[in-house]
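For the protein sequence lines, the chains are A and B, in the order given.
Counted the way the working numbering counts, the first sequence spans residues 9 to 641.
Counted the way the working numbering counts, the second sequence spans residues 3 to 347.
Each residue gets a CB set at the ideal place from its N, CA and C atoms; glycine is no exception.
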Amino acid sequence: MAEFNTRHDVQFKDDDFVLVQQTARITDTKLATKPTTFFKDALRRFAKNKSSVVAAFILAILIGCAIIVPMVSDANIDKVSTTEGFLAPKLFDAGTGFWDGTRLRKRIVYDTVNEVPALSDRYTPAALKQSIVSITVDPEPTPIDAASVYGQGGVIMFATDAAVSNNDAFLMSQQTTFTPAGGYTFDAVLDSEAGVNESQLGEYTVYFQYGENPEDKLIIRDWSRDYSPIHYDISAALTEAGFQYNTKGRVVFELRSSESGIQYILLKSAVFSTVSGRNKDDLAAISFTDATKMINVSDTKSLSYWSCSGRKGIHNSLIYYCDFVVDTYMLVYGNADTVTYSATEVNNWIENGWCTYDHKVGPSSFVKLDDRCPIDEVVDQQVLSVTKKLASVTGRGWGYHKLGYDEMPRFILGTDVSGFDLFKRAFAGLRTSLVLGFCTFLFCFAFGLIWGSISGYFGGNVDLFMERFCDILGGVPWIVVMTLAILHLGNNFFTFFLALCMTGWMGTAARTRTQFYRFKGREYVLASRTLGSSDMRLILKHILPNSMGTIITSSVLMIPSTIFSEATLAYLNLGLQGVHSFGVMMANNQQYLGLYPNLVIFPAVVMALMMISFNLFGNGLRDAFNPSLKGSE
Amino acid sequence: MGKYVLKRIGLALVTAFIILSLTFILVKLLPFERPIGDDSKQIAYYDRQYNLGYVYRFDRETPEYGEYLYKSPMDKGRSFYYYMVPVMEQYTRWLGNILTKWDWGYSKTFMPNVSAGVIILSRIGYTIKLNIISVIFSVPIGILLGIWAALKKNTLTDHIISTVVMIFISIPSFVLISFVMSIFCYNLGWLPSSWPPDTAPTSMKAMGYIIPVFCLSFGSICSYCRFTRAELCEVMESDYLLLARTKGLTRRQAIVRHALKNAMVPIFPSILAEFIGILGGSMILESLYGIPGIGRLFVTSLGYKDYDILFVDMAIFTTISLLAGVVLDLSYGFIDPRIRMGAKK
């Protein structure tokens, strides 16, 4: 390429220029691109907005689920079955360790006798044992100051009553018969831990009382603050005091009350024993080596082996805590107790080929052939005495047969307190919400459009009047309108629809009015008017079609806000009744947030997803229909 | 301007009057709930209602007078019969009572024979305190985030802020509260899972503020952020800012002196309106977290079917929302004379 050092190097001649039009005839050429309509263009713009497309996709899935899931799933969401309540989410088979219907429970009291967690009275230890996947028991017991049935050890805390502080407190054993020759002894072990419950270790005396008279006593330990173990030979003392025959008596601890606060002593054990063997059971009943057990016995059977005029409580009772993973499905649907089935049922199974059974041979002849057979083994059979025909069979099988399932159920999101499948219930509720939302949207949209058109098109006094009406009605908070409507008409679907419509249409009306103000002065409207178009024609043919896109897109957001309103009311105890409601489900599950967070978290995620998608979708639509507003909020 | 202010306030007053009247009539049309308590309390209630003019009192049965309500036990050889006054008549007397005695009614079942004013006053403190704290938190954070996003427009920072704001603005408050409580109260156990009682130690009470303030501020942080970003972005593209840069101001000077000032024009009124709007509190937050404010009073009185208290609570919410609207419009009008209600289109 030549280099041009100065501008003089470039020189043009006449020949360098050619007239364009000299030979060619210039006419309009057909456009190479296809013509497009407003809606097609909007769709193209919408498709460019990726987040909106994703949102639309999620929305479609959620709406699809809301339609399909309640129809397809045959899970129970209507009949309350509390035994099936609070099952954990289960998607994979048990034992996979993730989403498998197991639940980790932490710091549950451990039942050392049955060697299972003390879960509740709902499940037998045997059922619990077979459902536990893994368990870790704390190596060290934890001291608590309450009498748990699963606790052990500890000390009795015997204290003065603050309410009657000027009276000494007594702790006395039940009266029993003692003989001087029986070799009766009394041993007690005291604890000297100070400052329990911000009280003070007190001064006390122990004596053996043999008569009703307060003076009829033999001092075992006089007033002191000595907390060493007590050993007392009752028989020897009785002999010394001159008793020859049987004497009824009891051991009494007396604790001196004090102005300075509650006094107490701690009693670890108190044991009566004898060498003669007489009254052994009585003595065993009033002796205790395990303070927790003693407190539990006297509390539960209301037998006051040790009666008390002050306060009797337990201190440092030892309980074990454990963490464990339990398969909730095994717990509910695992091996059930024996169930009796009639001969007709058994014969049906045999006919269907589910099992073989010969009642002449007995339970050993049972062979299970098909999983549909409700029992796994026969425990017992009953035979009619005369005809020797089979009457009934008692068998053991899977619990789910008893609850009416053919196989182990699987609730992918678990169940709530009533045993309802959360997955189906959530989508059934969502369906109601969506139907409510769409109905409200359709009505409000139609009404708002008419109202806004009239108000915006005619203007003047009509507009002023209609605007003031909207101002007043719009001034009432929606929650007030809804509450009043529900109080008057009950919380059914129709009331919700009515009340939501009452507040919902004003937004559309206002938007329509603005659009009409924007378009009604345009030249094409004027042109049509000069050609003699009626008001109706101008509104319907010219102004409305132009403003429709904007109005629809901004009114679509009414659907999520309806869903939101319905859920909010449910949280205020005004929820929709009679149909499955998303809000009511969420509000009811809220109280289990601490124990079973899955019951709240999943609906919350669906709700949040729904709202986010609707908003993104709505924004995308708005940008597509009205590019000038793109990105503005 | 003066005319505009008067017109706006007048309209709000008329609106408030109509709404409160309608609400009162609708509430009174609900089935009558009997007050609870022993006879002396009942008599005290009905006698007060009689003095205020909401029930008739006769010393014999007179079925021709409205709905029969209550018969007091025999005292000195006679007993009184109480009958309901027709609702529209109650309405006129109610107007009179409010104008002359500022009497808003008495509780029937929730806290029998305590006046509505006392109940509201004992509860509004919690709501106001909580909301003021949350506004103090949310306004600066929201505006700063919005400014940051606008200055870094179309960068990664902006996208992250905008997305987060978009997500959190869509999440309903009860969902957010559920999540926050689930994580911080139950899983981690850092914060109390309900509002600490008044007798709780100060540190505990302070901890109790964290979740409500967080949940209340979150929505407003997001909306301020979005609002500020949109406003600032618009101002940043304006011609006068270009002029400011052309005449030699640095970007910082131009933004601080010109852009921010102008962007604040629509933001400032909304802060004022928010200050009033928040007095209504959040019913859901208050009832979920057990805060004894006026939002929870709504739920409580509804549960007790104590409709007089419910009405006063609703009246407060209505008034607050109307007041917020007035303040918003007026402050817009003061700050920016171009935006005025009824201005020529």
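query	result
Take residue 227/A and list the residues in its own chain whose beta-carbon comes closer than 6 Å to its own, dropping the five residues that flank it on each side.	215
For chain A, is any of its Cβ atoms less than 8 Å away from the one on residue 174/B?	yes
For a test of the three-state rule: what should DSSP assign to residue 390/A, helix, strand or coil?	strand
Where does residue 258/A sit, in a helix, a strand or coil, going by DSSP?	strand
Restricting to runs no shorter than 4 residues, where is the alpha helix (DSSP H) found entirely within the region 589 to 630 of chain A?	590 to 597
Report yes if the CB atom of residue 132/B is closer than 8 Å to the CB atom of residue 218/B, and no otherwise.	yes
Give the DSSP bridge partners of residue 409/A, in chain order.	Its beta-bridge partners do not exist; DSSP assigns none.
Could you check if residue 304/A is buried or exposed, using at least 16 other CB atoms within 10 Å of its CB as the buried criterion?	buried
Could you give the uninterrupted runs of the alpha helix (DSSP H) lying entirely in the region 54 to 107 of chain B, keeping only those of 4 residues or more?	89 to 103
Where does the unbroken beta strand (DSSP E) through residue 217/A begin, and where does it stop?	212 to 217
Over what stretch of residues does the alpha helix (DSSP H) that includes residue 236/A continue unbroken?	Segment: none, residue 236/A is in no alpha helix (DSSP H) and carries neither H nor E.
Once you ignore the five residues that flank residue 387/A on each side, which residues in its own chain have a CB closer than 7 Å to its CB?	346, 371, 402, 403, 404
Against residue 623/A, what residues of chain B qualify as contacts under a CB-to-CB distance less than 8 Å, listed in chain order?	168, 171, 172
CA-CA distance, residue 25/B and residue 170/B?	34 Å
What residues in its chain sit with their C-beta under 7 Å from that of residue 21/B, if we drop five residues either side in the sequence?	320
Mark residue 594/A as exposed unless 16 or more other C-beta atoms lie within 10 angstroms of its C-beta, in which case mark it buried.	buried
For the beta strand (DSSP E) holding residue 432/A, just list the boundary residues, first then last.	Premise fails: residue 432/A lies in the alpha helix (DSSP H), 430 to 466, not in any beta strand (DSSP E).
Check the DSSP bridge columns for residue 177/A and list the partner residues they point to.	263/A
So the alpha helix (DSSP H) residue 150/B belongs to, where does it begin and stop?	118 to 153
Let me know if residue 76/A comes out buried or exposed under the rule of 16 or more other beta-carbons within 10 Å of its beta-carbon.	exposed
What residues in its chain sit with their C-beta under 6 Å from that of residue 311/A, if we drop five residues either side in the sequence?	Only weak support is given to the placement of residue 311/A: the predicted model assigns it a pLDDT of 46, under 50, and the value that follows is read from those uncertain coordinates. Excluding residues within five positions, none has a Cβ falling inside 6 Å.
Indicate whether residue 30/B and residue 37/B have their beta-carbon atoms separated by less than 8 Å.	no
Return the residue from the list 213/B, 110/B, 163/B, 59/B that minimises the CA-CA distance to residue 39/B.	110/B
List, from N- to C-terminal side, the beta strand (DSSP E) runs of 3 residues or more that fit wholly inside the region 263 to 293 of chain A.	271 to 281
Looking only at C-alpha atoms, which of 47/A, 23/A, 26/A sits nearest to residue 560/A?	47/A
In three-state terms, what does DSSP make of residue 169/A?	coil
To which residues of the same chain is residue 179/B closer than 8 Å at the C-beta, ignoring the five residues directly before and after it?	213, 217, 286, 287, 290, 291
Who pairs with residue 328/A in a beta bridge, going by DSSP?	118/A
Which residues in the same chain have their Cβ closer than 7 Å to the Cβ of residue 436/A, if we skip the five residues on either side of it in sequence?	78, 85, 588
Examine chain A for any beta-carbon lying closer than 8 Å to the beta-carbon of residue 319/B, and answer yes or no.	yes
Please determine, among 382/A, 272/A, 54/A, the residue with the shortest C-alpha to C-alpha distance to residue 170/A.	272/A
Give the residues from the region 111 to 133 of chain B that approach chain A closer than 9 Å (Cβ to any Cβ), ordered along the chain.	none
Per DSSP, which residues does residue 364/A bridge with? Please list them.	375/A
Between residue 25/B and chain A, is the shortest Cβ-Cβ distance under 8 Å, so that the two count as touching?	yes
The beta strand (DSSP E) that contains residue 321/A, what's its start and end?	319 to 323
Between residue 112/A and the rest of its own chain, which residues show a CB-CB distance below 6 Å, the 5 nearest in sequence each way excluded?	333
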